[in-house]
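Working notes for the structure below.
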Amino acid sequence: MISIDARGRNCPQPVMMTRASVDAGEKEIEVLLDNPVAASNVQRFLEKNGYHIRMMDEEGIITVRGIKKQGKEREQKEEVKPTPLQEDAPSAHRPPGGTALMLGSATIGGEDALLGEILAKSFLGTLAELTDPPGVLALMNEGVKLALNNTSSCEHLLTLEKKGVRILVCGTCTNHFGITADIGVGVISNMFEITEALLSADKTIAL
């Protein structure tokens, strides 16, 4: 088993370090972290790449251990047909491709902050009403504030998530603003995951 010490590493380094071991064909990987958000990112990355996961937290040191699934088990998983998306199923993400949207601010437009805030919330509300919304919505920089609990923008994002939109919230940004614990929708993500999602889309729009 290979052991990776990713303590004190900034996003997306823990995921990138883990990826190097996955690409090298390591069957058992142990990653040491001191950040719950980074641990969650590493966990999702390993699960996506076919690893069984076990997590332990001892005195602030989080250990994520991944064991590669065996051939038969992986084949059985691949044979399972995906179920259709349901309106009330937040975990049912839309398939890759389609449109990805990146919001880098909590406002839309120029210097008038009040107008920009109104426009941003109106934009999200309109997206939430669409029958064919984007597949991915990434929130970066001050855009992460749109996902704050108890806001109308968060309610719109929750509606989009229920429709299968994959909402990725930049963890470095939420840490910078000190609002990670107050995020009410989506997944606290990392730059690697966000970049991968945006590049996998047929079309990406940045606002």
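The sequence shown runs 1263 to 1469 under our numbering. Where a beta carbon is used, it is the ideal one built from N, C-alpha and C, also for glycine.
Have a look at A1382, N1297, G1372, D1319 and flag the residue whose alpha-carbon is nearest the alpha-carbon of S1415.
Nearest C-alpha to S1415: A1382.
What are the start and end residues of each continuous alpha helix (DSSP H) run of 4 or more residues lying completely inside the region 1400-1463, in chain order?
Taking only runs of at least 4 residues, the alpha helix (DSSP H) segments lying wholly in the region 1400-1463 are 1414-1424, 1433-1439, 1453-1462.
Here's a check: name, in chain order, each residue in its chain whose Cβ is nearer than 7 angstroms to the Cβ of E1320, leaving out the five neighbours to either side.
Around E1320: no qualifying Cβ.
Counted within 10 angstroms of its Cβ, other Cβ atoms place M1263 as buried (16 or more) or exposed:
Its Cβ having fewer than 16 others within 10 Å, M1263 is exposed.
Assuming L1295 and I1324 make a contact with CB atoms under 8 angstroms, what is their CB distance in whole Å?
Rounded, the Cβ-Cβ distance is 5 angstroms, consistent with contact.
Identity of the residue in V1406, Q1332, L1308, M1278 nearest F1439 by Cα
Residue V1406 is the option with its Cα nearest to F1439.
Are three or more beta carbon pairs between the region 1449-1468 and the region 1420-1435 nearer than 8 angstroms?
Judged by pairs of C-beta atoms under 8 angstroms, the region 1449-1468 touches the region 1420-1435, as three or more such pairs exist.
Runs of beta strand (DSSP E) lying entirely within the region 1265-1328, each at least 3 residues, in chain order:
Restricted to the region 1265-1328, the beta strand (DSSP E) segments that are unbroken, complete and at least 3 residues in length are 1290-1295, 1313-1320, listed in chain order.
Any idea if A1282 is buried or exposed, counting beta-carbon neighbours within 10 angstroms, 16 or more meaning buried?
Flag for A1282 reads exposed.
Going by Cα to Cα distance, which pick from H1314, E1423, A1459 is closest to G1448?
Closest by C-alpha distance to G1448, out of H1314, E1423, A1459, is E1423.
Q1332 classed as buried or exposed, judged by whether at least 16 other C-beta atoms fall within 10 angstroms:
Exposed.
Distance, V1304 Cα to G1371 Cα
Taking the CA atoms as reference points, G1371 sits about 35 angstroms from V1304.
Taking just the CA atoms, how far does N1272 sit from T1421?
The C-alpha of T1421 lies about 31 angstroms from the C-alpha of N1272.
Using the DSSP secondary-structure output, state which residues sit across from L1376 in a beta bridge.
None; L1376 has no bridge partner.
What is the rounded straight-line gap between the Cα of T1393 and the Cα of L1386?
Approximately 13 angstroms between the Cα atoms of the pair.
For the beta strand (DSSP E) containing L1469, name the first residue and the last one.
From DSSP, L1469 is part of no beta strand (DSSP E); its letter is neither H nor E.
What number of angstroms, rounded off, separates the C-alpha of T1361 from the C-alpha of L1399?
Answer to the nearest angstrom: the Cα atoms are 9 angstroms apart.
Any beta carbon of chain C sitting closer than 7 angstroms to that of G1322?
No chain C is part of this structure, which consists of one protein chain only.
Which of the three DSSP states is assigned to A1362 in this structure?
Assignment of A1362 by DSSP, reduced to helix, strand and coil, places it in the strand class.
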